[in-house]
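Enquirer: Residue numbers (my numbering): 37 to 331. Just so it is clear, CB atoms sit at the ideal spot from N, CA and C, and this is done for glycine as well. Since the structure is predicted, the reported quantities are computational estimates derived from the model, not experimental observations. Quick one: structure below, then a few questions.
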């Protein structure tokens, strides 16, 4: 499979020169399987740009099919959906999988952001190519596009909306995507370690630095009340999961909107030093918009 990043920010978009190298759109990752099937991890603003790129091919003729896997229903994971042009072209087939919350299923939640108060789209019914919108169950495995896709619900039992980690396996190669996760005492739990075991590529959020977590300082988000700062991990926690799961490569993503390119680069170097200090073999880098690689 091949992976391409269209959005690597968390919280809200981060335009401007200071973020140009990493990119400023919210979360969206394109995954192409060996059979050519299109899988999409998250539907942040990056989904708009992915959609535009698809119009030159089958999707522009109403002959495309894609499956979107949502990590969460917070805005930075779904706000690109009303702007995904292929979903408006009859004949395309767009499937969406994710997790509902507070007694509402996934379709109901997605309908909510289409309401007339927020969007001229009004309803998913006005996006004719969106078909299946399904809630996933803990540990559920889906077979699509010649690959196996497994869901792992994190942050269970917390008051906020649940987050879903995704694992895609194809011909002995694996991609694991983990975001919006808060580890107790900063240590990845055994279930998530097992879920990410031997991943060839671990894509993990790094919304906070370890110092920010420890001191409760840094940026607009961290100046907000505690309930606005839940369910996010640090650079160090992402590396810790990679090391404990014996992953081969870690790409850091879902960056805080205040995090400029230079600060991210310094954080990545610190994580590489951490791996060396542990005598590990984990490769560490940051995800960048437009970055494409095989898995």
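Should residue 154 go down as buried or exposed, given a rule of 16 or more other Cβ atoms within 10 Å for buried?
Expert: It counts as exposed.
Enquirer: Give every residue of the same chain whose Cβ lies closer than 7 Å to the Cβ of residue 282, excluding the five residues on either side of it in the sequence, and list them in chain order.
Expert: The residues are 233, 234.
Enquirer: Hey, which unbroken runs of the beta strand (DSSP E) at 3 residues or more fall wholly within the segment 159-231?
Expert: Segments of the beta strand (DSSP E) lying fully in the segment 159-231: 166-171, 177-180, 183-190, 199-206, 209-214.
Enquirer: Thinking just about the alpha-carbon of each residue, which of 275, 124, 204, 63 is nearest to the one in residue 315?
Expert: For residue 315, the nearest C-alpha among the options comes from 275.
Enquirer: Taking just the CA atoms, how far does residue 101 sit from residue 238?
Expert: Each residue's Cα considered, the two are about 25 Å apart.
Enquirer: Of the residues 231, 247, 58, which one's Cα is nearest the Cα of residue 222?
Expert: Out of 231, 247, 58, 247 has the C-alpha closest to the C-alpha of residue 222.
Enquirer: Identify the residues that DSSP records as bridge partners of residue 134: which are they?
Expert: According to DSSP, which records beta bridges pairwise, residue 134 is partnered with 171.
Enquirer: Could you check what DSSP says for residue 246 in three-state terms: helix, strand or coil?
Expert: Three-state result, residue 246: helix.
Enquirer: Could you give the residue range of the alpha helix (DSSP H) that holds residue 294?
Expert: Element bounds for residue 294: n/a, residue is neither H nor E.
Enquirer: List the DSSP bridge partners of residue 57.
Expert: Looking at the DSSP assignment, residue 57 forms no beta bridge with any residue, so it has no partner.
Enquirer: With a CB to CB cut of under 6 Å and the five nearest residues on each side skipped, what residues in its chain are close to residue 48?
Expert: Closer than 6 Å at the Cβ level, and outside the excluded window around residue 48, lie 293.
Enquirer: Check whether the Cβ atoms of residue 77 and residue 202 lie closer than 8 Å to each other.
Expert: Their beta carbons are under 8 Å apart, which means residue 77 touches residue 202 by this criterion.
Enquirer: Given a threshold of 16 other Cβ atoms within 10 Å of its Cβ, counted over all protein chains shown, does residue 298 qualify as buried or as exposed?
Expert: That one is exposed.
Enquirer: Contact check, residue 134 vs residue 106 under 8 Å by CB: the rounded distance?
Expert: With 8 Å as the limit, residue 134 and residue 106 qualify as a contact, their Cβ atoms being about 3 Å apart.
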